[in-house]
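Residue numbers (the numbering used here): 1 to 490.
Heads up, the thing below is written out as structure tokens.
Printed below as a string of structure tokens:
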């Protein structure tokens, strides 16, 4: 008996040591559908979010078999399962939370949807984590382009014979035709530490950056564009610089050809640390409601707010407030989930109302330019810090844009001797639909002291690793977003 018990314990310990990462899927008991963006955590500050397919992976090697994994999502009952009882790839079923007090609570309150928004605005400065914090952040991007038309044509190049110019144009045409009608897709992922001391003092430390792309479905358009420019500029010397004009607009007074040729060289892509840091700072500022507010919070008089429901989230009573345009200039619809206790937004969704655009421009017949950002959706979920303030745990945005460009660019060399001055014209035609999906997941958050910030060193350049196929080894033992089926089968 003792031997059997010891064997059982050893087997349990062995299985746990090998199963350091547990995976599973959250499903609704009523609909049998997966539950996206649900919370899966072991402690208040340690957990993950399910992906768009309801799947998750969580590293558990620092916990015991007696510790529990907590599963929660807006409108569902919270469920806990001991790590020792959890089977890998298990389907976790969540029951709908029947809020028996909801109607009574609503009747006892005289608050309107607009009054809840006003209370949120009054309390936002104390409710959100806007002071010094360090965030470990995972970011995933999906880029997709479908080109309806695409092409280059070189004209009146006085440094080339007509025969060579025609040959170059034939090659450019062949390159362009390979793009038209095709959809290219690629993914990028990065794991970083973002340290925020104040608005003027931020620091980014990258751990890893990858790009998932293949020769048949990656950013082929960028590659073909580079090849096209190489064809056009390879006959010119690096010492040449040009004035560039399109229509009556001067684009550049001294376009340095050496700089262009340097950019066109085959070399590893590196992570733009400053750009990533700037984007994260802007995103966190936006969703901790720092400095400026976005619609409809910035212009509440332009919107109609209505209490749609009362539900529970992380054991809190939460109002569900719908909003929609009440004036013609307003353009968003969505929901705010506002706590009844401290009037904090703990979740929000937003999309463009029918017939609205994020931004648009139509100068197709005058300047050969048309642009329409016709789809913009957002979903944000918040967690609570140990000191009671909230921070955005998960942010997802999807942007879709149509653009059309048909422009002629005139290049004239900066040469005082007109007889020796190089000239050529370049016609560019592009018509495409672009999609950019971004997911930002805060793996963990902690307070940041002035002393800790002072010890941070400037980040070294990081090469973006290239992968043609997805591998689970890429983020092994990291609490990042579980890869979707689209990524796994890429």
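We put the beta carbon where it would ideally sit given N, CA and C, even for glycine.
Cα-Cα separation between residue i and residue j, rounded to whole angstroms
i: residue 219; j: residue 213; result: Here residue 219 scores only 47 on pLDDT, less than 50, and its place in the model should not be relied on; the value that follows carries that caveat. Approximately 7 Å, taken between the alpha carbons.
i: residue 175; j: residue 415; result: 32 Å
i: residue 114; j: residue 80; result: 36 Å
i: residue 85; j: residue 68; result: 9 Å
i: residue 469; j: residue 207; result: 21 Å
i: residue 324; j: residue 357; result: 15 Å
i: residue 225; j: residue 151; result: 9 Å
i: residue 487; j: residue 70; result: 27 Å
i: residue 163; j: residue 231; result: 14 Å
i: residue 157; j: residue 298; result: 52 Å
i: residue 33; j: residue 27; result: 5 Å
i: residue 74; j: residue 450; result: 36 Å
i: residue 379; j: residue 441; result: 12 Å
i: residue 278; j: residue 198; result: 13 Å
i: residue 244; j: residue 161; result: 22 Å
i: residue 47; j: residue 485; result: 21 Å
i: residue 472; j: residue 126; result: 41 Å
i: residue 201; j: residue 281; result: 10 Å
i: residue 402; j: residue 373; result: 6 Å
i: residue 38; j: residue 349; result: 14 Å
i: residue 217; j: residue 186; result: Its pLDDT being 47, under 50, residue 217 is placed unreliably in this model, and the coordinates cannot settle the point.
i: residue 321; j: residue 184; result: 38 Å
i: residue 361; j: residue 181; result: 24 Å
i: residue 412; j: residue 370; result: 27 Å
i: residue 419; j: residue 240; result: 15 Å
i: residue 422; j: residue 196; result: 50 Å
i: residue 351; j: residue 294; result: 13 Å
i: residue 381; j: residue 465; result: 30 Å
i: residue 344; j: residue 331; result: 23 Å
Contact belief for residue i with residue j at Cβ below 8 Å, rounded distance in angstroms
i: residue 273; j: residue 204; result: 5 Å
i: residue 188; j: residue 463; result: Their Cβ separation, rounded to whole angstroms, is 13 Å, which puts residue 188 and residue 463 out of contact at 8 Å.
i: residue 438; j: residue 133; result: With 8 Å as the limit, residue 438 and residue 133 do not qualify as a contact, their Cβ atoms being about 21 Å apart.
i: residue 290; j: residue 407; result: Between residue 407 and residue 290 the Cβ distance is about 39 Å, and since that is not below 8 Å, they are no contact.
i: residue 96; j: residue 76; result: 6 Å
Simplified DSSP assignment, three categories, for residue i
i: residue 471; result: coil
i: residue 233; result: helix
i: residue 194; result: strand
i: residue 36; result: coil
i: residue 97; result: coil
i: residue 44; result: coil
i: residue 477; result: coil
i: residue 199; result: coil
i: residue 466; result: strand
i: residue 178; result: coil
i: residue 386; result: coil
i: residue 372; result: strand
i: residue 88; result: coil
i: residue 276; result: helix
i: residue 60; result: coil
i: residue 120; result: helix
i: residue 534; result: Given a span of 1 to 490 for the chain in the structure shown, any question on residue 534 remains unanswerable.
i: residue 486; result: helix
i: residue 499; result: As displayed, the chain neither begins before 1 nor continues past 490, which places residue 499 out of reach and without an answer.
i: residue 26; result: strand
i: residue 161; result: coil
i: residue 126; result: helix
i: residue 419; result: helix
i: residue 308; result: strand
i: residue 10; result: Because residue 10 carries a pLDDT of 38, less than 50, the predicted location of this residue cannot be relied on, and the following value inherits that uncertainty. Note: residue 10 maps to helix in three-state DSSP.
i: residue 51; result: coil
i: residue 67; result: coil
i: residue 170; result: helix
i: residue 362; result: strand
heavy atom of the ligand PLP below 6 Å from residue i C-beta
i: residue 387; result: This structure lacks the ligand PLP; in fact it carries no ligand of any kind.
Residues that DSSP places opposite residue i in a beta bridge
i: residue 296; result: Partner(s): none; residue 296 has no beta bridge.
i: residue 78; result: Per DSSP, none; premise fails for residue 78.
i: residue 132; result: None, per the DSSP bridge assignment.
i: residue 211; result: 188, 466
i: residue 377; result: 351, 398
i: residue 140; result: 189, 439
i: residue 316; result: 313
i: residue 445; result: 135
- Stretch-stretch touch, CB-based, cutoff 8 Å, three pairs: the stretch 426–434 with the stretch 442–459: No, they do not touch.
- Stretch pair the stretch 299–311 + the stretch 141–151: three plus CB contacts closer than 8 Å: Short answer: they don't touch.
- the stretch 119–136 / the stretch 49–60 touching (three or more Cβ pairs under 8 Å): By the criterion of at least three beta-carbon pairs nearer than 8 Å, the stretch 119–136 is not in contact with the stretch 49–60.
- Answer yes if the stretch 339–353 comes into contact with the stretch 312–330, meaning at least three C-beta pairs across the two stretches below 8 Å, and no otherwise. They touch, by the three-pair rule.
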